[in-house]
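The listed protein sequences correspond, in order, to chains A and B. Start counting the first sequence at 1076; every next residue gets the next number (our numbering). Start counting the second sequence at 671; every next residue gets the next number (our numbering). What follows is a single structure, written as structure tokens, with notes after it.
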Amino acid sequence: MAQEKFLPIQNLQEWLGALSREHRVLVPVEEGGGVVFRPFEAGSRPVLSMDATTSPKSAVFPSSHDLFRFEQTKDPKDPERVSLTLAPDIPRTPTVVFGGRPCGARGVMIFDRVYLGGRFPDPYYQAARENTLFVTLACESPGNTCFCHWVGGGPDDPSGSDVLMTAVEGGYVLQSVSERGTALLDGDGPLLSSDETTTKEAAAARARARASLGPATDLGPAQESLLALFDDRKFWEEVSEKCINCGACTYLCPTCYCFTITDEACGLSGKRVRSWDTCMSFQFTLEASGHNPRPGKANRLKNRVGHKFSYYPARYGGLLACCGCGRCIRKCPASVDIREIVIGAIERAGDNVREASNG
Amino acid sequence: MPVLKGKELRIVGFLCNWCSYGGADTAGVGRFAQPTDLRIIRVPCSGRIDPLFVVKALLNGADGVLVSGCHPRDCHYAQGNFYARRRLEVLKRFLPVLGIDPARFEYTWVSASEGQRWQKVVTSFTGRIHTLGRAPRHADADLSLARAAAARSHPAADRPRLPGKAQNGAGIEALKERIKAELPGLDCVIGWQQGFDAIHHTPLFMRSPEDVDRLVWGPLNAHNPATYLAAMRERKVGLVVKGCDSRSVVELLQEKLVSRDRVTLFGMPCSGVADLSKVHRALRSSGADPDRVDAVAVEGETLTVTVNGTSHPMAMADVAAEKCLHCRFPNALEADCFVGDPLVPAAIAESPPADLAALDAMSLQERMAFWRSQMERCIRCHACRNACPLCVCKDHCVAQSRDPHWISQEDTVTEKLFFQVVHAVHLAGRCTECGECARACPMDIPLVALKSHMNRAILDLFEYRAGTDPQAVPPLLTFQVEEKRINEGD
């Protein structure tokens, strides 16, 4: 049963404190010039006025994680005989990610299809996901880089969130989305109250936010257009010209889920580490022979855009692997704009079709 | 159990094969008693010792590192130790900025016959490390120290100023005409255009006169177009450069990474660019969201940013990039075409850039905590490296090499800091402090401070500023038999 409760702003700290007794509560805090998710501690000042610099994905998909530790032990009587012990490390800490935006939580849905959807769910991701709740804050108005409504989301899109908060006069209305979200709100009775006026106020605020969005660009044709332009080298060279091939876009992206696995060993013991990888890197597709099917930045940017707007949707029923949060645009050192590339691709493919039919 | 277990410290010694290793052998043959803390690694020559060997050891748990080679003028390979001397001296001066006590590192010269001298060197160095005790680690640094250091206010030294008066792009039309005239002979010309919103400019690759019409000039042209140059060295390209950008080009020319006849440089006097991090901070302190900028206007020395209909005027001096406040070269140092009257640099503030000044004011422990707190935020996107005009290895960076395995994939403070040390050390004597590393950093880590510190050491040791003279040889690619500023020791 969905719940809507009012959290007065003066109770926020106490509520987070109460949550942190049983959970690792990650809140967005200012650090240096950025806003990052850090475990809540007394005195933490969550930044709720803007979206965090980093995405909340690291709660379920850390930037590096030890899959298991290994240790080889030599038999002192017969050093030729070596025994191996493996100690897997499945993340099961109950976690609440507080104060992200709906787009960030929506990003985790993109992960779910990949890591939980098939015949072989990823046990590490699964454990982390089952133990993590997302409490998100609905946006009031879009920023210059926001385009959530182009990709199927919205300022109050609840998909991916367990609890959706809406800022109202004097506090927040917390609306449970999932069953686990309902259970979370059931817990701390005295700090939360039920109040119909604030519930109505929140609904009005969310409606205002939806109305504040500009018209959405239809990205429907992107899936076909990007495939049609797959061999259009000139197009990809043009759009990638200013890209410097760093991984800022992929590592900040709430939906980029690629990883690499390495063994980090010292002597007879070590660990197998899974860490974020980025398709912007030369090493991403480097083959053992030395051949690299994606030698230049045009190939790599093509992959990033194509994956999000064509290959992933082709596989998962038309769903785009982009949540429209705009981090990749906002934080790109060269201000590469993924919206511009996708729109450009749709136009270019359209032009090609017209030319072909005329010629 | 060895009697010294628990009392021994971890000291790593890098010894050259021909002199110092022989010297250690002589000491052994002569039965000179020595402390046992030192683990010796034999290398062919002190010139083989990459300063990064030393930093890697110190960051990963060594309590001290000792390097020893043949006496200067006595190198088995004639010159190896002359190069080594410069590198190791630079390293010694670099260590404190990381929070590492420079006394934990020493370099010295011991010949194969000097068994007794070797005994003295080892005994005194080991004694020194025992006095210092176990080396603290960055990963364990007390973060409250970093917070305390950040909260300390710094007395404003001589207030830095911007060079000349803001230009507002006067002369841009003349510049466009010159570019259009040169365009037919060039593959492209790189400049800037308006980006996705009012506060962002973005690199522009001009191929047609219509492209040239999109060229803009002003304080939002923060990107260094020289970043793209090395990858395009096979082509004939034009570059619109600010004074600082031209220094990167000069450095690339010095290192023969690009050839002069393939580059056409267009310059205009620059009166400073805005640091968007500072603009963001100013906006957020007045409650405005930096992602909702509607308009930007530059008038005189004021940058006015409009957010949600509210104007936020900012003095350029308050939001200018740090490099601009210390700018010596507001005009391109190399230009085939320079439009406008060259600006005279303002009286240059002798105080170090703000980030370095803040580090200078910290104790070693505080610096260690500072870098821990900064590196915890690093996402390893390598934007710092890829934005750097002088990081020309790009796809083949040592950071990604598995053999040798310089850096692991673990997301730890030590690994991430070590990468920054790799960057700083590989740029020693080459970095022009264009600030792209810090500007590109999505997490706002003040990375340029490491390079500023390195450059200060280079200036002090070799009286050298990178990227100012196309004919000059970078200081770590050469040596003097008698080094004026390096004490040769006993």
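Think of the CB as a built atom: it goes at the ideal place given N, C-alpha and C, for glycine as much as any other residue.
- For E1313 of chain A, the enclosing alpha helix (DSSP H) covers residues R1308 to S1315.
- Nearest neighbour of L1259 of chain A by Cα position, chosen from A:C1403, A:F1384 and A:V1238, turns out to be A:V1238.
- Shown here for L1394 of chain A: same chain residues with a beta carbon closer than 8 angstroms to its own, the five before and five after excluded, namely I1185, R1188, G1227, Y1387 and P1388 in chain order.
- In the DSSP assignment, I1336 of chain A falls within the unbroken beta strand (DSSP E) covering F1334 to C1341.
- Boundaries for C686 of chain B: no alpha helix (DSSP H) harbours it, while the beta strand (DSSP E) harbouring it runs I681 to C686, taken from the DSSP string.
- Within chain A, the residues whose beta carbon sits less than 8 angstroms from that of G865 of chain B are S1410 and D1412, listed in sequence order.
- Beta-carbon to beta-carbon, D1232 of chain A and R1283 of chain A are separated by about 15 angstroms, too far to satisfy the 8 angstroms threshold.
- Residues of the region 1110-1121 of chain B with a C-beta atom less than 9 angstroms from some C-beta of chain A are A1110, C1111, P1112, M1113, D1114, I1115 and P1116, listed in chain order.
- The closest CA to that of G1010 of chain B, considering only B:A840, B:L685 and B:D810, is found on B:A840.
- Taking 8 angstroms as the CB threshold, F1357 of chain A lines the interface with chain B.
- Beta bridge pairing from DSSP links Y777 of chain B with B:V737.
- For E1103 of chain B, not one C-beta of chain A is nearer than 8 angstroms to its own C-beta.
- DSSP places E1036 of chain B inside the alpha helix (DSSP H), whose first and last residues are L1034 to M1045.
- One finds E1313, E1316 and K1317 in chain A with Cβ atoms closer than 9 angstroms to the Cβ of F875 of chain B, taken in chain order.
- The C-beta separation of G1137 of chain B from E921 of chain B comes to about 4 angstroms, placing the pair in contact by the 8 angstroms criterion.
- If you compare the alpha carbons of B:D1114, B:E1103, B:A1127 and B:Q749 with that of S916 of chain B, the shortest gap goes to B:E1103.
- Interface with chain B (8 angstroms Cβ-Cβ cutoff): S1287 of chain A is excluded.
- In the DSSP assignment, T974 of chain B is bridged to B:A967 and B:P983.
- The DSSP-derived three-state label of H1075 of chain B is coil.
- Chain B has no Cβ within less than 8 angstroms of the Cβ of M1240 of chain A.
- In the DSSP assignment, S1350 of chain A falls within the unbroken beta strand (DSSP E) covering S1344 to W1351.
- Around the beta-carbon of I1084 of chain A, fewer than 16 other beta-carbon atoms lie within 10 Å, marking it exposed.
- If you look at H800 of chain B, you'll find it in the alpha helix (DSSP H) that goes G785 to L802.
- In the three-state scheme derived from DSSP, where H, G and I count as helix and E and B as strand, H1140 of chain A is classed as strand.
- The region 1119-1138 of chain B makes contact with the region 1089-1104 of chain B; the number of CB pairs closer than 8 angstroms reaches 3 or more.
- In the three-state reduction of the DSSP assignment, A805 of chain B falls in the coil class, being assigned neither a helical nor a strand state.
- For the region 1318-1329 of chain A, the beta-carbon criterion of a distance under 7 angstroms to any beta-carbon of chain B is satisfied by I1319, N1320, C1321, G1322, A1323, Y1326 and L1327.
- In this structure, D1126 of chain A places its C-beta atom within 8 angstroms of the C-beta atom of C1400 of chain A.
- Secondary structure of Q1298 of chain A (DSSP, three-state): helix.
- Residues of chain B with a Cβ closer than 8 angstroms to the Cβ of G1109 of chain A are, in chain order, R1047, P1112, M1113 and D1114.
- About 6 angstroms separates the Cβ atoms of V1348 of chain A and E1080 of chain B, confirming a contact at the 8 angstroms cut-off.
- The C-alpha of E1271 of chain A is placed about 15 angstroms away from the C-alpha of S1251 of chain A.
- Under the DSSP assignment, M1184 of chain A falls in the alpha helix (DSSP H) whose first and last residues are P1177 to Y1190.
- N1320 of chain A counts as buried, since no fewer than 16 other beta carbons sit within 10 angstroms of its beta carbon.
- Note on R1120 of chain A: under 16 other CB atoms within 10 angstroms of its CB, so exposed under the neighbour-count rule.
- In the DSSP annotation of this structure, the continuous segment of the beta strand (DSSP E) that includes H871 of chain B starts and ends at H871 to M876.
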